[in-house]
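What follows is a short report on a single structure.
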Amino acid sequence: MVHGSPVEIPRPSVGVSVPRVDGAAKVTGEALYVDDLPKRDGELHGATVRSPVARGVLRGVRLDPAFNWSDVTIVQAADIAVNTVALIVDDQPILAATHVNHVYEPVVLLACADKAKLARAVRAVTLDIEPLPPVFDMEQSLAKVEIIAGEDNVQKRYLITKGRADVKVEPGAVNGESATAIDAAIAACDVVVTGRYFAHHQEQMYIEPQGVVAWWDTDGAHATGSIQCPFYVHKAFTKAFLLDADRIHITQAVTGGGFGGKEEYPSIIALHAALLAQKSGAPVRMIYDRKEDIEATTKRHPCICEITSGCDRDGTLRALSIRMIMDGGAYVTLTPVVLSRGTLHAAGAYRWDDVRIESIAVATNTPPNGAFRGFGAPQTIWAIERHLDAVAKKLGRDPIDLKEQNVLREGDVTSTGQVLRSSVAGAECLEKAVLASDYRAKRARGPVVSGRTARGIGAAVFMHGAGFTGSGERYLKGKVAVDLLAGGRLGIRTASTDIGQGTETVFRQIAADAAGIAVDAVDFAVPSTTTCPDSGPTVASRTVMVVGSIVENAAKQLSARVRAEVEAHGGTFGEATDRLIAREGPITSLLQYAPPSFITWDDTTYKGDAYPCYGWACDVAEVEVDLDTFEVTVVDFWSATDVGKAINPVMCKGQIEGGSLQAIGWAVSEEITWRDGHITNPRMTNYIIPTSLDAPRFQTILVEAPFAMGPGGGAKGIGELPMDGGAPAIAAAVEHAVGVAMGSLPLTPERILAAKQASERTSA
Amino acid sequence: MKISLTLNGAPRELDSAPLVRLLDALRGPLGLTGTKEGCGEGECGSCTVLLDGDPVNACLVPIGQCEGRAITTVEGLGEMAHLSPLQRCFIDEGGAQCGICTPGMLISAEALLRRVPDPDEPTIREALAGNLCRCTGYQRIVESVRRAAELLREGAAR
Ligand code: FES
Ligand code: FES
């Protein structure tokens, strides 16, 4: 039901900003997040004892004999049936058993009814660790100064080649072996530019920390919590507890933001809570405080890109060579997939004849990096956009002209050889953002200096693949169930979670329109592995586009049956539904996703249709730089973003604005600082995310280049795209304002000053 | 110690150690979980409540200091069936996404609108600067507050 809404929702509802269905519960405080769930009988609190050492041999665990342990449950590695967090590679233990590989690695779990005593218990555990030399720097890891993971510290590598026959077959060398064909292709160009670009860690900083409540009963294991992907947790439990699938019950509580941070990490906290619950026989609630959440959970992967490109004197881009390294942290987690997306976006939204991109992810002794909105693409888009700005400078042209000249258009071919047949809107987004922001006039005028501030403007053009890479959806087989309910209602059951994006509301809109019924005649079940089919994870900007299209088809199917019944025996939609149910019993449409048949993808050569379609965008940032302190303030932000079809424009803009502000924070104020593998700023007071005063006015233009297979008339993914363009647009604006070309993030005053001094030294 | 206070307009009593955080007293013995904890150190504002009409971070206020005072939490602003204009605008204008910051935001906005019926955008941003939101980019929150102020001025029913 849509509560408290004074407006009548028109039909069809797609394209209308239907008020958030879960809104009333959220604005009244009735929505139950994990820490709000009623206490279960005999519930204990859980806590984690973590390694203070970045790398070492775990010799033993000492429990203070003076402490009264009688009412404390203790779990160690030896208590676990299979001590592995199931994900892509089984390299991460649930609790460290013999070695520790990063500071904050969990070693011992404790549970106690008394929270204050539990905190003392954590301090009464001493870990006996013999330190080994750690590696914190990804280039040192690549250089194998120490072997800290596997045979060579390498977690994953990819190679993309395109163009001339010899470039296309160039071997997959990463270290040492030279790439001669691409070098030759570049050398043949009129203008050659080389650059090195660095992107840093980022903390998701959802406002609700990670948390889970776990318990066991005759049905098996239960976990409820702040979870983006319930079936990931389900898989992790299957492996660790050797349980049958139907003995595991994972349910999402209302979730206070995720942004990727609650994609894979919840498996760990849920396993920990469930282990304590199993051993104690009592329910266990485990909620991280902010410090623990920042320290122990995943971050965005740092990334170095070395780019050399060649173009004609008229600016036509010809050849591109990229070597990129990502820092995966101590364990693999989702790194191969993040690296993949980063690699696939590294050439940017542009046409190149010859391309060679080699990418490699290495281990370091830092907490594992993982999913974060954008998933590797913001890092490489940062690099290629900065690089094109440098190319434009060398050509003596405005970057936007160079980008406009080379942006991919319909019929063009991407770096993986994908022919872009339709739904290509880079040029349109560019034009709209440039017009709205008065970019050209402002650039032509030059930086505006007034008093001690200089104002500049910059732009970024980018695309983001919607949905899983390549054949991902084919392996995944995402499913949705839609039930036909009494009175002509529909009930959606899916594992796609609403973590704030508005899935619940948008899915209802899609189903309602498909069935020709009202939005408030559609229900949405709480995502749970027991009652909902596996729709695939809530990631990769796939929820609306992929899962939404299954919802649409299932709703269509059901309504067709009801309408046939109306046709045959009369009555209303509701009456016909009731007759059908009376006759046949419960009626459900359980459908599986059918990926577009035109997609061909080769996982071994990394050639083909990398994504079913792309979202396109152009961001323009206007900044003020304080000429004394070099502090950067983003004062205005325009974004023209192609979403295919905006099912719910207000929510769609909300995604774009929220994602853009995360990009702005990443660019100017957010920075994780380290000492010996410890995070020195694990608090909201010193890891600075933007406040309402730091946020610019957002001027968001929705562009709609429909994707034929998208629901609601062509919706594409929108979740991640807005994270991609902010940082390079801001850096371009800073360059416009003060003439310093920043290649490294974040754009903090110290870094800008250092870069300015360095450039003055070289020009002197 | 015994503490008497007024909670969302109703007199309440509880027995508590005086140094217990108001946040824990609200969420625990007083049974109102609408007030959220995002940091526990006065930085995020998700625990904002009104103490005698002024917004405070409930994670920094010991319950012992609340004797005889009036506290308003999000539960005191309106109910599912009778939303306040501010609550309604947060839904309609997209001011709440994940919703975890929303109770604190609403309370800060409520305090503002009680003081300033016609706030301009910088005033709204200033009033919300102590409430972090990671989802919205703030624009729709500012818009929600502005719209609510308009409705209130037009004398919409409360
Ligand atoms: S929990 Fe009180 S300010 Fe964050
Ligand atoms: S709506 Fe999620 S933090 Fe504000």
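From first to last, the protein sequence lines are chains A and B.
Here my numbering is used: the first residue of the first sequence is 1198, the next is one more, and so on.
Here my numbering is used: the first residue of the second sequence is 3, the next is one more, and so on.
Each residue gets a CB set at the ideal place from its N, CA and C atoms; glycine is no exception.
Where residue i falls: helix, strand or coil (DSSP)
i                : result
I1465 of chain A : helix
Q1576 of chain A : helix
G1373 of chain A : Note on G1373 of chain A: pLDDT 44, under 50, position unreliable in the model; no value is reported.
R1758 of chain A : helix
K1496 of chain A : coil
R1570 of chain A : coil
R1208 of chain A : coil
T50 of chain B   : strand
A1692 of chain A : coil
D1443 of chain A : helix
A1955 of chain A : helix
R1652 of chain A : strand
D1775 of chain A : helix
Y1485 of chain A : coil
G1257 of chain A : strand
L134 of chain B  : coil
K1753 of chain A : helix
I1554 of chain A : strand
T1735 of chain A : coil
T1449 of chain A : Looking at the sequence shown, residue 1449 of chain A is not Thr but Gln. Of the three classes helix, strand and coil, the one that applies to Q1449 of chain A here is strand, per DSSP.
Q1615 of chain A : coil
G1862 of chain A : helix
Straight-line Cα distance separating residue j from residue i
i                : j                : result
G1874 of chain A : K1913 of chain A : 40 Å
I1519 of chain A : R1671 of chain A : 29 Å
F1704 of chain A : V1305 of chain A : 42 Å
C1810 of chain A : F92 of chain B   : 33 Å
R1553 of chain A : A1543 of chain A : 10 Å
K1953 of chain A : V1817 of chain A : 23 Å
V1371 of chain A : A1663 of chain A : In this predicted model, V1371 of chain A has a pLDDT of only 47, less than 50, meaning its place in the structure is not dependable; the value taken from the coordinates is given anyway. Taking the straight line joining both Cα atoms gives about 28 Å.
D1695 of chain A : Q1425 of chain A : 8 Å
A1951 of chain A : F1428 of chain A : 47 Å
V1763 of chain A : K1753 of chain A : 15 Å
L1592 of chain A : G1855 of chain A : 35 Å
A19 of chain B   : V1719 of chain A : 48 Å
I143 of chain B  : P1330 of chain A : 49 Å
V1282 of chain A : I1898 of chain A : 42 Å
Neighbourhood of residue i by C-beta, 6 Å cutoff - its chain only, sequence neighbours within 5 removed
i                : result
E1932 of chain A : A1938
V1535 of chain A : H1498, F1572 and G1573
P1203 of chain A : Model confidence at P1203 of chain A stands at a pLDDT of 45, short of 50, so the residue's coordinates are unreliable and nothing is read from them.
L1858 of chain A : P1887 and A1892
G1813 of chain A : Sequence inspection shows Trp at residue 1813 of chain A; the Gly mentioned does not correspond to that position. Around W1813 of chain A: A1622, G1623, C1626, M1660 and D1839.
L31 of chain B   : Note that residue 31 of chain B is Pro in the sequence shown, not Leu. Same-chain partners within the cutoff: L16.
Segment limits, beta strand (DSSP E) that includes residue i
i                : result
K1359 of chain A : V1351 to K1359
G1392 of chain A : V1388 to A1396
I73 of chain B   : A72 to T74
C1810 of chain A : C1810 to D1823
G1417 of chain A : G1417 to G1422
I1519 of chain A : L1514 to D1524
Q1273 of chain A : Q1273 of chain A -> no beta strand (DSSP E), and no H or E assigned at all.
Residues near residue i in its chain [Cβ-Cβ closer than 7 Å; skip 5 each side]
i                : result
N10 of chain B   : T74, T75, E77 and G78
Q1475 of chain A : W1413
V1541 of chain A : The sequence given here places Leu at residue 1541 of chain A; Val does not occur at that position. Cβ within range, chain order: T1613, G1662, T1666 and A1807.
R1363 of chain A : The displayed chain sequence assigns Asp, not Arg, to residue 1363 of chain A. For D1363 of chain A, where only same-chain residues beyond five positions count, the Cβ hits under 7 Å are A1378.
Close-in-space but distant-in-sequence residues of the same chain around residue i (CB under 8 Å, 5 per side omitted)
i                : result
H1446 of chain A : D1416, G1417, A1418, H1419, A1420, S1725, T1726 and T1727
T1769 of chain A : G1685 and V1763
K38 of chain B   : S48, C49, I102, C103, P105 and G106
Start and end residues, alpha helix (DSSP H) containing residue i
i                : result
R1320 of chain A : K1312 to R1320
T8 of chain B    : That residue, T8 of chain B, is in no alpha helix (DSSP H); its beta strand (DSSP E) goes K4 to L9.
Handout entry: Contacting positions in the segment 99-115 of chain B - beta carbon closer than 8 Å to chain C
Key = No chain C appears in this structure, whose protein chains are A and B.
Practice task
Please determine if the segment 1549-1565 of chain A and the segment 1672-1681 of chain A are in contact, where contact requires at least 3 C-beta pairs separated by less than 8 Å.
Solution key: no
Practice task
Give a yes or no on contact between the segment 1381-1388 of chain A and the segment 1446-1466 of chain A, applying the rule of three or more CB pairs nearer than 8 Å.
Solution key: no
Exercise for the section: For the segment 1460-1472 of chain A and the segment 1430-1440 of chain A, state whether three or more C-beta atom pairs, one from each stretch, are separated by less than 8 Å. Expected result: yes
Exercise for the section: Could you say if the segment 1608-1628 of chain A and the segment 1777-1787 of chain A meet the contact criterion of at least three C-beta pairs nearer than 8 Å? Expected result: no
Practice task
Mind the definition here: the segment 1730-1743 of chain A touches the segment 133-141 of chain B only if three or more C-beta pairs lie below 8 Å; say whether that holds.
Solution key: no
Exercise for the section: For the segment 1854-1868 of chain A and the segment 1220-1233 of chain A, state whether three or more C-beta atom pairs, one from each stretch, are separated by less than 8 Å. Expected result: no
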